[in-house]
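Chemist: Numbering (my numbering), first residue to last: 13 to 268. Ideal Cβ positions, reconstructed from N, Cα and C, are used throughout, including at glycine. My questions will all concern the structure given below.
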Ligand SMILES: C[S@@+](CC[C@H](N)C(=O)[O-])C[C@H]1O[C@@H](n2cnc3c(N)ncnc32)[C@H](O)[C@@H]1O
């Protein structure tokens, strides 16, 4: 018998996000904004990276599994096979890129405290007009949001989303809303598990870094269950990717 038979659909969770795929959104943004410099944390096979158009692109991953053409639509590509903490500690990313990144995609370790560090370290090397995008912050159930990847797969095996793991990176959204209300945080309905675009960056703001341990303690204690994730869904409007991909509307969402 199908283990999911009789399972109640949880009111509030979408079955799937209806917008354009996150890779299409990133690729479109890179072209529409004619970006020069791109940074991706967590590259894996390079599927998203290969679709970005840029002059210079940097990829960071401790375990690359590249099987895509990373050089497509780029003049220069640099790969750093290391974790993002080591990258930001040891590499002068601005020098490697030849300037501040224009577009960044943070998709490394799927735990909110890692993403928090990736975010504030990326913001520090950004300019005010940089766009930072985050993956996986709109999970479709609590099973995929479990912090332990193996446990998440086990719990999710009887759901329609077997082998999907977002971890608890969704917590970065309420965290930024509380500690950085000056940022513009947009939640996009990009399948499979959402795309967050953050603008209005302030490279000189040190609130997240200075209060890192207190913030991590606070948000580690925040529940990571259905009701907490549904509250997160209700806390901000989910923007349709179609609105953002419409070039006429871009200046509604991004600095030009
Ligand atoms: C979901 S995959 C990335 C997919 C890719 N961004 C795409 O959309 O095509 C996540 C990647 O993050 C990498 N990763 C895990 N921990 C990391 C860390 N501390 N720093 C950077 N990357 C990390 C993993 O090795 C894995 O390849």
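Under the criterion of a Cβ to heavy atom distance below 7 Å, does residue 126 qualify as lining ligand 1?
Modeler: Reading the chain shown from its first residue, position 114 is the one you call residue 126. Yes, since a heavy atom of ligand 1 falls inside the 7 Å radius drawn around the Cβ of residue 126.
Chemist: Let me check one thing: in DSSP terms, what residues is residue 145 bridge-paired to?
Modeler: Counting from one through the chain shown, the residue named residue 145 turns up at place 133. Its beta-bridge partners are 117, 209.
Chemist: May I ask you to check if the CB of residue 156 is nearer than 7 Å to at least one heavy atom of ligand 1?
Modeler: Position 144 of the chain shown, counting from 1, holds the residue named residue 156. Checking every heavy atom of ligand 1 against the Cβ of residue 156, none is found closer than 7 Å.
Chemist: Between which two residues does the alpha helix (DSSP H) containing residue 198 stretch?
Modeler: Taking the first residue of the chain shown as 1, we reach residue 198 at position 186. Careful: residue 198 lies outside any alpha helix (DSSP H), inside the beta strand (DSSP E) at 196-200.
Chemist: Would you decide whether residue 190 is buried or exposed? Buried here means 16 or more other CB atoms lie within 10 Å of its CB.
Modeler: Start at 1 with the first residue of the chain shown, and residue 190 comes out as number 178. Per the 10 Å Cβ criterion, exposed.
Chemist: Could you check which residue in 172, 164, 46 has the C-alpha nearest to that of residue 26?
Modeler: One-based indexing of the chain shown puts residue 26 at position 14. Minimum Cα distance to residue 26 is reached at 172.
Chemist: I believe residue 94 touches residue 74 by the beta-carbon criterion, under 8 Å. Please report the beta-carbon distance rounded to the nearest angstrom.
Modeler: Locating residue 94 in the chain shown gives position 82, where the first residue counts as 1. Locating residue 74 in the chain shown gives position 62, where the first residue counts as 1. Residue 94 to residue 74, Cβ: 6 Å. Contact.
Chemist: Could you tell me whether any non-hydrogen atom of ligand 2 is closer than 7 Å to the CB of residue 161?
Modeler: Ligand 2 is not part of the structure shown, which contains ligand 1 as its ligands.
Chemist: Nearest-angstrom Cα distance between residue 49 and residue 183?
Modeler: Start at 1 with the first residue of the chain shown, and residue 49 comes out as number 37. Start at 1 with the first residue of the chain shown, and residue 183 comes out as number 171. Spanning the two alpha carbons is a distance of roughly 28 Å.
Chemist: With 16 as the cutoff for other CB atoms within 10 Å, does residue 63 come out buried or exposed?
Modeler: For the purposes of this step, residue 63 is taken as the residue at position 51 of the chain shown. Burial call: buried.
Chemist: Please name the residue in 152, 115, 165 whose C-alpha comes closest to that of residue 45.
Modeler: Within the chain shown, numbered from 1, the residue matching residue 45 stands at position 33. Of 152, 115, 165, the residue nearest in Cα terms is 115.
Chemist: Just to check, is the beta-carbon of residue 32 closer than 7 Å to a non-hydrogen atom of ligand 1?
Modeler: As a first step, residue 32 is located in the chain shown; it is residue number 20 there, counting from the start. Outside the cutoff, so no.
Chemist: Please report the distance separating the alpha-carbon of residue 67 from that of residue 196.
Modeler: For the purposes of this step, residue 67 is taken as residue 55 along the chain shown, with counting starting at 1. For the purposes of this step, residue 196 is taken as residue 184 along the chain shown, with counting starting at 1. Roughly 26 Å separates the two Cα atoms.
Chemist: Buried or exposed, going by whether 16 or more other CB atoms sit within 10 Å of the CB of residue 24?
Modeler: Translated into positions along the chain shown, residue 24 becomes position 12. Burial call: exposed.
Chemist: DSSP three-state call for residue 126: helix, strand or coil?
Modeler: Locating residue 126 in the chain shown gives position 114, where the first residue counts as 1. Correct three-state label for residue 126: helix.
Chemist: Give the C-beta separation of residue 70 and residue 92 to the nearest angstrom, bearing in mind that I take them to be a contact with Cβ-Cβ under 8 Å.
Modeler: For the purposes of this step, residue 70 is taken as the residue at position 58 of the chain shown. For the purposes of this step, residue 92 is taken as the residue at position 80 of the chain shown. The Cβ separation is near 7 Å, so the contact holds.
Chemist: Note down, one range per segment and in chain order, each beta strand (DSSP E) of at least 3 residues found wholly within the region 47-111.
Modeler: As far as the region 47-111 is concerned, its whole beta strand (DSSP E) runs of at least 3 residues are 49-53, 66-72, 86-92.
Chemist: With DSSP as the reference, label residue 16 as helix, strand or coil.
Modeler: Taking the chain shown and counting its residues from 1, one reaches residue 16 at position 4. Reliability of the predicted coordinates at residue 16 is poor, the pLDDT of 44 falling under 50, and the value obtained from them is presented with this limitation in mind. Coil, per DSSP.
Chemist: Looking only at its own chain, which residues have a Cβ that is under 7 Å from the Cβ of residue 127, when we skip the five neighbours before and after it?
Modeler: Against the chain shown, residue 127 aligns to sequence position 115. Closer than 7 Å at the Cβ level, and outside the excluded window around residue 127, lie 118, 146, 181, 184.
Chemist: Roughly how many angstroms separate the alpha carbons of residue 250 and residue 263, rounded to a whole number?
Modeler: What you label residue 250 is simply residue 238 of the chain shown in a count that begins at 1. What you label residue 263 is simply residue 251 of the chain shown in a count that begins at 1. Looking at the two C-alpha atoms, the distance is approximately 18 Å.
Chemist: For the alpha helix (DSSP H) containing residue 184, name the first residue and the last one.
Modeler: Along the chain shown, one-based indexing puts residue 184 at 172. 184-191 is the span of the alpha helix (DSSP H), which, as asked, contains residue 184.
Chemist: With DSSP collapsed to three states, give me the class of residue 251.
Modeler: The residue labelled residue 251 in the question sits at position 239 within the chain shown. Strand, per DSSP.
Chemist: Residue 151: which of 212, 208, 88 sits nearest, CA to CA?
Modeler: Within the chain shown, residue 151 is the residue found at index 139, counting from 1. Measuring from the Cα of residue 151, the nearest candidate turns out to be 208.
Chemist: Excluding the 5 residues flanking residue 47 on each side, which residues of the same chain have their C-beta closer than 6 Å to its C-beta?
Modeler: Locating residue 47 in the chain shown gives position 35, counting from the first residue. The answer, listed in chain order, is 66, 114, 115.
Chemist: From residue 20 to residue 153, what distance separates their C-alpha atoms?
Modeler: Counting from 1 along the chain shown, the entry for residue 20 is found at position 8. Counting from 1 along the chain shown, the entry for residue 153 is found at position 141. Its pLDDT being 47, under 50, residue 20 is placed unreliably by the model, and the measurement read from it follows with that caveat. Going by the C-alpha atoms only, they are around 12 Å apart.
Chemist: From this set, 89, 136, 85, which residue's C-alpha is nearest residue 213's C-alpha?
Modeler: For the purposes of this step, residue 213 is taken as residue 201 along the chain shown, with counting starting at 1. Of the listed residues, the one whose Cα sits closest to residue 213 is 136.
Chemist: Can you tell me where the alpha helix (DSSP H) holding residue 233 begins and where it ends?
Modeler: Numbered from its first residue, the chain shown carries residue 233 at position 221. Note, residue 233: alpha helix (DSSP H), 224-233.
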